[in-house]
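As given, the protein sequences belong to chains X and U, one line each in that order. Counting in numbering that gives the first Met the number 0, the first sequence runs from 0 upward without gaps. Counting in numbering that gives the first Met the number 0, the second sequence runs from 0 upward without gaps. Just so it is clear, CB atoms sit at the ideal spot from N, CA and C, and this is done for glycine as well. Computed from a prediction, not measured in an experiment: that's the story for all the values here.
There are 2 protein chains.
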Amino acid sequence: MTGSTGDTRSRIQAVALELFTEQGYEKTSLREIAERLGVTKAALYYHFKSKDDIVTSFVSDRIERLDGLIEWAGHQPADAAGRRAILQRYSEEFFGDTGHTVMQFFEQNRTVLTHLSSGQMMRDRLLQMAAVLSRADPSPAGQLRATLAIFAVHGSTFALRGPDITVEQRKQLALDVAYEMLDRIGASGADEDRTALRS
Amino acid sequence: MTGSTGDTRSRIQAVALELFTEQGYEKTSLREIAERLGVTKAALYYHFKSKDDIVTSFVSDRIERLDGLIEWAGHQPADAAGRRAILQRYSEEFFGDTGHTVMQFFEQNRTVLTHLSSGQMMRDRLLQMAAVLSRADPSPAGQLRATLAIFAVHGSTFALRGPDITVEQRKQLALDVAYEMLDRIGASGADEDRTALRS
DNA sequence: GTCTATACTTAGATAGAC
DNA sequence: GTCTATCTAAGTATAGAC
């Protein structure tokens with residue numbers, strides 16, 4: 000921690016991720032990051048091309064893991080059990096030690112998904128997740144249900160009030176609710192027809 | 000439009016809302032807004048205290064309407080039919096002509112909900128909506144289901160791919176899916192117990 | 001009451017010395 | 001690999017013209 004040891008680059012990543020998550024990407028200045036590390040702004044620019052390049056550096060690893068998950072998901076059965084398995088693995092990725100901080104960063108900086116290149120890549124993977132989850136019923140209703148299932152995982156981090164709830168409980172609760180949504184994808188089909196006509 | 004007519008203030012609001020929604024709050028500069036109106040930055044500061052005061056000016060109206068809705072919701076029956084009625088009115092508020100642009104602004108600028116005073120007020124109302132929807136079952140599971148129901152309405156604006164889908168269809172679809180979630184709030188209770196124990 | 005001119009502070013970013 | 005100095009543009013603020 001205190002060590003003089005080499006890796007300034009990874010120290011920048013750690014501090015930036017922490018501050019970006021706590022106070023927001025736009026609200027955190029490079030001066031602030033530099034000061035916390037006892038260096039100048041210019042030093043940051045030796046290690047990273049720009050502010051959003053710092054984000055890219057700790058996001059690309061997540062992207063790769065998500066790509067692996069999506070690829071695997073495509074080979075799972077397109078039934079309810081397959082969907083549950085896919086989302087279960089997604090939630091492990093989301094709540095897992097290595098990925099949790101980065102996912103929390105995106106949860107706190109949702110506009111980054113639109114305005115930063117690395118954010119758009121993540122957004123893209125999220126859409127692919129929804130697509131693979133709803134491939135048994137790619138109708139708008141199926142897409143929306145898949146999106147909501149994913150959001151159950153994300154939303155469990157802030158929709159659940161009270162600090163007396165553990166991470167493990169959040170995770171389990173998110174999955175329980177998400178499964179209800181997943182199980183309805185492409186279920187009867189009769190529902191959808193009624194819906195379409197009702198309007 | 001071209002007119003020299005008085006209301007610079009409301010012209011600023013209109014242009015700002017449009018640019019903030021299109022390109023994002025942080026990515027839009029006051030210079031840009033001023034130029035588009037043919038005035039200087041300083042003119043903006045005559046009409047508004049600050050950049051985020053412009054946001055407040057067009058959000059406060061939405062807040063008031065939401066307050067009315069929440070107050071009314073508290074008097075509705077705390078059963079499934081009551082919850083459906085509440086969310087239905089919420090979606091009308093969300094998709095309605097007057098409010099839609101402002102709600103789209105928040106959808107495109109979610110970090111504003113955390114970092115701006117007016118955003119926090121809106122965030123507060125959203126939490127109150129979730130609370131009133133889950134008052135029959137204020138457990139974490141109930142809260143999460145209520146939050147997801149609200150998010151079905153919001154998410155229908157971006158989760159539904161394809162431009163061949165009308166606003167009215169989005170609205171109806173969002174409600175259909177949201178109702179599934181609402182109907183499960185405080186339903187059996189047995190589910191929750193199983194969930195709690197399973198972990 | 002409505003706006004312009006001007007200036008202050010801080011942001012992200014770059015060039016070049018050590 | 002890091003620092004000093006500097007650039008442009010951002011948000012902000014005020015004095016004063018009309």
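Can you tell me whether DSSP reads residue i as helix, strand or coil?
i	result
P162 (chain U)	coil
T27 (chain U)	coil
A84 (chain U)	helix
T97 (chain X)	helix
A77 (chain X)	coil
V38 (chain X)	coil
F57 (chain X)	helix
D6 (chain U)	coil
I11 (chain X)	helix
R218 (chain U)	No statement about residue 218 (chain U) is possible, as the shown extent of chain U runs from 0 to 198 and does not include it.
F157 (chain X)	coil
D136 (chain U)	coil
G185 (chain U)	coil
T110 (chain X)	coil
Are residue i and residue j touching if we call contact CB-CB under 8 Å?
i	j	result
R109 (chain X)	R109 (chain U)	yes
S138 (chain U)	D51 (chain U)	no
R10 (chain U)	L36 (chain U)	yes
G185 (chain U)	A135 (chain U)	yes
Q142 (chain X)	S133 (chain X)	yes
F104 (chain X)	L18 (chain X)	no
A129 (chain U)	T156 (chain U)	no
L112 (chain X)	R88 (chain X)	no
H114 (chain U)	K48 (chain X)	no
L172 (chain U)	A177 (chain X)	no
V54 (chain X)	F93 (chain X)	no
R82 (chain U)	L181 (chain U)	yes
G23 (chain U)	Q107 (chain U)	yes
T20 (chain X)	T97 (chain X)	no
E179 (chain X)	R183 (chain U)	yes
Between the Cα of residue i and the Cα atoms of the options, which residue gives the shortest distance?
i	options	result
A84 (chain U)	U:Q119, U:I164 and U:V131	U:V131
Q119 (chain X)	X:V58, X:Q22 and X:G98	X:V58
Y44 (chain X)	X:A80, X:Q22, X:T7 and X:G98	X:T7
D123 (chain U)	X:Q107, X:E106, X:M121 and X:A158	X:A158
F150 (chain U)	U:T100, U:D163, U:V38 and U:D175	U:D175
A13 (chain X)	X:S28, X:G23, X:R183 and X:I32	X:I32
E167 (chain U)	U:G73, U:E91 and U:L86	U:E91
M121 (chain X)	X:R144, X:K40, X:S56 and X:A80	X:S56
Need the endpoints of the alpha helix (DSSP H) that residue i sits in, please.
i	result
D123 (chain X)	S116 to L132
V202 (chain U)	Residue 202 (chain U) falls outside the range modelled here, since chain U spans only 0 to 198, and no answer is possible.
S49 (chain X)	Here S49 (chain X) belongs to no alpha helix (DSSP H), and DSSP marks it neither H nor E.
Using a Cβ cut-off of 7 Å, which residues of the stretch 137-157 of chain U contact any Cβ in chain X, in chain order? Those residues of the stretch 137-157 of chain U that come within reach of chain X (Cβ to Cβ, closer than 7 Å) are P139, A140, Q142, L143, R144, T146, L147, F150, A151, G154 and S155.
Contact list for the stretch 157-168 of chain X against chain U, Cβ threshold 8 Å: Answer in chain order: A158, L159, R160, G161, I164, E167 and Q168.
Under 8 Å (Cβ pairs) to chain U, residues found in the stretch 171-184 of chain X: Only Q171, L172, A173, D175, V176, E179, M180 and R183 from the stretch 171-184 of chain X bring a Cβ to less than 8 Å from some Cβ of chain U.
Members of the stretch 90-103 of chain X that neighbour chain U once the beta carbon cut-off is set at 9 Å: The residues in question: there are none.
Check distances from the C-beta atoms of the stretch 65-81 of chain X to those of chain U and list, in chain order, the residues that come in under 8 Å. none
Within 9 Å of chain U by C-beta, residues of the stretch 17-51 of chain X in sequence order: Q22, G23, Y24, E25 and K26
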